[in-house]
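For the sequence shown, counting from 1, position 170 maps to 484 in our numbering; every step adds exactly one. One structure below.
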Amino acid sequence: MKYNFDEIVPRHGTDCAKYDSIAARGRPADTLPLWVADMDFRCPPEVSARLVELARDGVFGYPDPGDKYFQAVRNWLAGRFGYEPEPEWLIRTPGVVFAVAAAIRALTGPGDAVLIQEPVYHPFAHLINNNGRQMVNNPLVCENGRYRMDFEDFEKKIIDRRVKMFILCSPHNPVGRVWKREELAKVAEICLRHQCLVVSDEIHCDFVRPGHRHLVLPTVAPELGASAVICTAPSKTFNLAGLQAANIFIADTDLRGKFQAAMGRAGYHSLNNMGLAACQAAYEHGADWLEQLKTYLEGNLEYLKGALAGLPGLKIVEPEGSYLIWLDFRELGLNPGDLEELISRRARLWLDEGPKFGLGGQGFYRLNSACPRALLREALERLKAVWPR
Ligand SMILES: Cc1ncc(COP(=O)(O)O)c(C=O)c1O
């Protein structure tokens, strides 16, 4: 391997949320953090080199990214997913969460219903509630360890609750589903029938496992895609979350205008120079790094699955995409307090507790497997040492 993903990158004391909030959260000092979705790997060297070059230049005036930026993003999306956005569809935001919030504020009204599918990335519910909209849940159904959408309930809720917007998580965090063509087509059919706008959060699109394929929503459903908000970002893919750069596509002129007006009202007009440069460099030069990373992450998953044999009662929800692993502890039969004690206090692991992701999360924890294998091994050894069976 050209890149060394086994390298333990020191992160304690670097003012990072993943490691440096351990004490503030009252967790044991030697806690191993496998929670928030950032990776314990350095980003592609070409990205760092570009940032060093910029820093050396030392001029950080207002940026105005040109065609090369757009082409880098478009080539990535077109080459991998066959999605070919036009330049004017692109709106840059300081993150996908920001974009989801802007979409809610710009494209729905106070009190409107916005639908999500729990368990799902927790900021969705907060954004809906904090912006004075009503959250409607169409829970995912788990059958034999695999999740699916309940379309009957989906359509019924859209009708009964007059849902204005659906926030789709594709691929889905935390359950790891990569939605199939038929599933996305069904979503499109229902949403079009009831004029429900779709915000498609596709931030995990680059982490799709062998045998699965990520489909950008408009490539499956062009009609719906024309009025959808497609959210992409290099941040998960290349570990650049702190640089705050996301690329949002809205083909419909009217909706795009409303979205831009909402950004204008918030006083936001441009990404920062570093985020822009990193995004462009990553999409231009990061393909090889990403392929090797994905191979490494497959190895981590294999290791994790093997280690589960020593932990009876713990099951993994087979991920189709993403490095975030949804672990099912329910068979252990512990109450939530005892389970939390086992994981956070005795094993000294920081995983994201399932209920954070809403209904259906009880008894689950989400583990971030994007770390050097030695850390993953340490985590599983800690768990094994305190395992109650
Ligand atoms: C589904 C999903 N959307 C959005 C984000 C965060 O995006 P950003 O940092 O660009 O706001 C995450 C981070 O884990 C995520 O999992």
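Using N, Cα and C, we set each Cβ at its ideal position, and we do this for glycine too.
With 16 other Cβ atoms within 10 Å as the buried cut-off, status of P424: For this step, residue 424 is matched to residue 110 along the sequence shown. Exposed: under 16 other Cβ atoms inside 10 Å.
S636 versus D352, L673 and P347, residue with shortest Cα-Cα distance: The residue labelled residue 636 in the question sits at position 322 within the sequence shown. Residue D352 is the option with its Cα nearest to S636.
Nearest neighbour of V350, chosen from N682, W701 and R696 [CA to CA]: If you number the sequence shown from 1, residue 350 lands on position 36. For the residues N682, W701 and R696, the minimum Cα distance to V350 belongs to N682.
Close Cβ partners of I472 (< 6 angstroms) along its chain, the five nearest in sequence each way excluded: Indexing the sequence shown from 1 puts residue 472 at position 158. Taken in chain order, the residues that qualify are H508 and C510.
According to DSSP, residues forming a beta bridge with F563: The sequence position of residue 563 within the sequence shown is 249, counting from 1. Note: F563 sits in a beta bridge opposite L404 and I544.
Beta-carbon contacts of H599 that lie in its chain and below 6 angstroms, excluding the five residues immediately before and after: Within the sequence shown, the letter at position 285 stands for residue 599. So the list reads E360, once near-sequence residues are dropped.
Beta-bridge pairing of V512 - partner residues as DSSP gives them: Locating residue 512 in the sequence shown gives position 198, counting from the first residue. The partner list for V512 (beta bridge, DSSP) reads F480.
Nearest candidate by alpha-carbon position, reference D320, set K698, A684 and A699: Position 6 of the sequence shown, counted from the start, is the residue given in the question as residue 320. Checking every option, the nearest Cα to that of D320 belongs to A684.
Minimum C-alpha distance to H583 - residue among A565, I442 and R406: Along the sequence shown, one-based indexing puts residue 583 at 269. Checked all of A565, I442 and R406; the closest Cα to H583 is R406.
G651 classed as buried or exposed, judged by whether at least 16 other C-beta atoms fall within 10 angstroms: Here residue 651 corresponds to residue number 337 of the sequence shown, with the count starting at 1. Counting Cβ neighbours within 10 Å, G651 comes out exposed, since fewer than 16 surround it.
Buried versus exposed call for L491 [16 or more other C-beta atoms within 10 Å across all chains shown]: What you label residue 491 is simply residue 177 of the sequence shown in a count that begins at 1. According to the sequence as given, residue 491 is Arg; it is not Leu. Its Cβ being crowded by 16 or more others within 10 Å, R491 is buried.
Option in I517, F384 and A535 with minimal Cα separation from E503: Here residue 503 corresponds to residue number 189 of the sequence shown, with the count starting at 1. Selection I517, F384 and A535 evaluated against E503 yields A535 as nearest (Cα-Cα).
For Q448, the residue or residues it bridges with in DSSP: Position 134 of the sequence shown, counted from the start, is the residue given in the question as residue 448. Looking at the DSSP assignment, Q448 forms a beta bridge with A427.
Cβ-heavy atom distance, H518 to ligand 1, below 7 angstroms: As a first step, residue 518 is located in the sequence shown; it is residue number 204 there, counting from the start. H518: yes, Cβ under 7 angstroms from ligand 1.
Contacts around W603, its chain only, beta-carbon distance under 7 angstroms, and the 5 residues preceding and following it disregarded: Residue numbering aside, residue 603 sits at position 289 when the sequence shown is read from its first letter. Excluding sequence neighbours, W603 sits near Y317 and P358.
P347 beta carbon less than 8 angstroms from that of G668: Here residue 668 is taken as the residue at index 354 of the sequence shown, counted from 1. Here residue 347 is taken as the residue at index 33 of the sequence shown, counted from 1. It is not a contact, given that the beta carbons lie outside the stated cut-off.
C-beta contact flag for R475 and V450 at 8 angstroms: Residue 475 sits at position 161 when you count from the first residue of the sequence shown. Residue 450 sits at position 136 when you count from the first residue of the sequence shown. Yes.
Distance cut-off 7 angstroms: A542 Cβ against heavy atoms of ligand 1: Indexing the sequence shown from 1 puts residue 542 at position 228. A542: no, Cβ never under 7 angstroms from ligand 1.
heavy atom of ligand 1 below 7 angstroms from G446 C-beta: Position 132 of the sequence shown, counted from the start, is the residue given in the question as residue 446. The answer is no for G446.
Rounded distance between the beta-carbons of A420 and I430, thought under 8 angstroms: Within the sequence shown, the letter at position 116 stands for residue 430. Within the sequence shown, the letter at position 106 stands for residue 420. Separation of the CB atoms of I430 and A420 is rounded to 18 angstroms, and the pair is thereby denied contact status at 8 angstroms.
Alpha carbon of L646 to alpha carbon of V631, nearest angstrom: Taking the first residue of the sequence shown as 1, we reach residue 646 at position 332. Taking the first residue of the sequence shown as 1, we reach residue 631 at position 317. L646 and V631 have their C-alpha atoms roughly 15 angstroms apart.
CB of L554 within 8 angstroms of CB of I544, strictly: Looking up residue 554 in the sequence shown gives position 240. Looking up residue 544 in the sequence shown gives position 230. No. Outside cutoff.
S549 to C483 span [Cα, whole Å]: As a working mapping, residue 549 is identified with position 235 in the sequence shown. As a working mapping, residue 483 is identified with position 169 in the sequence shown. Approximately 16 angstroms between the Cα atoms of the pair.
Which of helix, strand or coil DSSP assigns to T678: Numbered from its first residue, the sequence shown carries residue 678 at position 364. The residue asked about is misnamed: residue 678 is Phe in this sequence, not Thr. Strand, per DSSP.
Local conformation of P686 per DSSP, three classes: Within the sequence shown, numbered from 1, the residue matching residue 686 stands at position 372. DSSP places P686 in the coil class of the three-state scheme, outside both helix and strand.
Whole runs of the alpha helix (DSSP H) within the stretch 584-636, excluding any shorter than 4 residues: 587-599 and 601-622
Cβ shell of M270 (< 6 angstroms), same chain only, five flanking positions each side left out: Residue 270 falls outside the range modelled here, since the chain spans only 315 to 703, and no answer is possible.
Supposed contact pair V410 and A560 - C-beta distance, whole angstroms, cut 8 angstroms: Along the sequence shown, one-based indexing puts residue 560 at 246. Along the sequence shown, one-based indexing puts residue 410 at 96. Their Cβ separation, rounded to whole angstroms, is 5 angstroms, which keeps A560 and V410 in contact under 8 angstroms.
Cα-Cα separation between L622 and K382, rounded to whole angstroms: Position 308 of the sequence shown, counting from 1, holds the residue named residue 622. Position 68 of the sequence shown, counting from 1, holds the residue named residue 382. Looking at the two C-alpha atoms, the distance is approximately 46 angstroms.
Residue of A688, G446 and G674 minimising C-alpha distance to G459: Your numbering for residue 459 matches position 145 in the sequence shown. Minimum Cα distance to G459 is reached at G674.
E457 in three-state terms, based on DSSP: As a first step, residue 457 is located in the sequence shown; it is residue number 143 there, counting from the start. In this structure, E457 counts as strand in the three-state DSSP scheme.
N-terminal and C-terminal residue of the alpha helix (DSSP H) that D474 is part of: Position 160 of the sequence shown, counted from the start, is the residue given in the question as residue 474. Unbroken alpha helix (DSSP H) run through D474: F465 to D474.
heavy atom of ligand 1 below 7 angstroms from A555 C-beta: Within the sequence shown, the letter at position 241 stands for residue 555. At least one heavy atom of ligand 1 is nearer than 7 angstroms to the Cβ of A555, so yes.
Local Cβ density within 10 Å of A343, reported as buried at 16 or more and exposed below that: On the sequence shown, residue 343 is found 29 positions in, with the first residue counted as 1. Exposed is the label assigned to A343, since fewer than 16 other Cβ atoms lie within 10 Å of its Cβ.
Proximity below 8 angstroms, CB of T546 to CB of E497: Here residue 546 corresponds to residue number 232 of the sequence shown, with the count starting at 1. Here residue 497 corresponds to residue number 183 of the sequence shown, with the count starting at 1. Cβ atoms of T546 and E497: not closer than 8 angstroms.
Close Cβ partners of A693 (< 7 angstroms) along its chain, the five nearest in sequence each way excluded: Locating residue 693 in the sequence shown gives position 379, where the first residue counts as 1. For A693, where only same-chain residues beyond five positions count, the Cβ hits under 7 angstroms are L346, L348 and L663.
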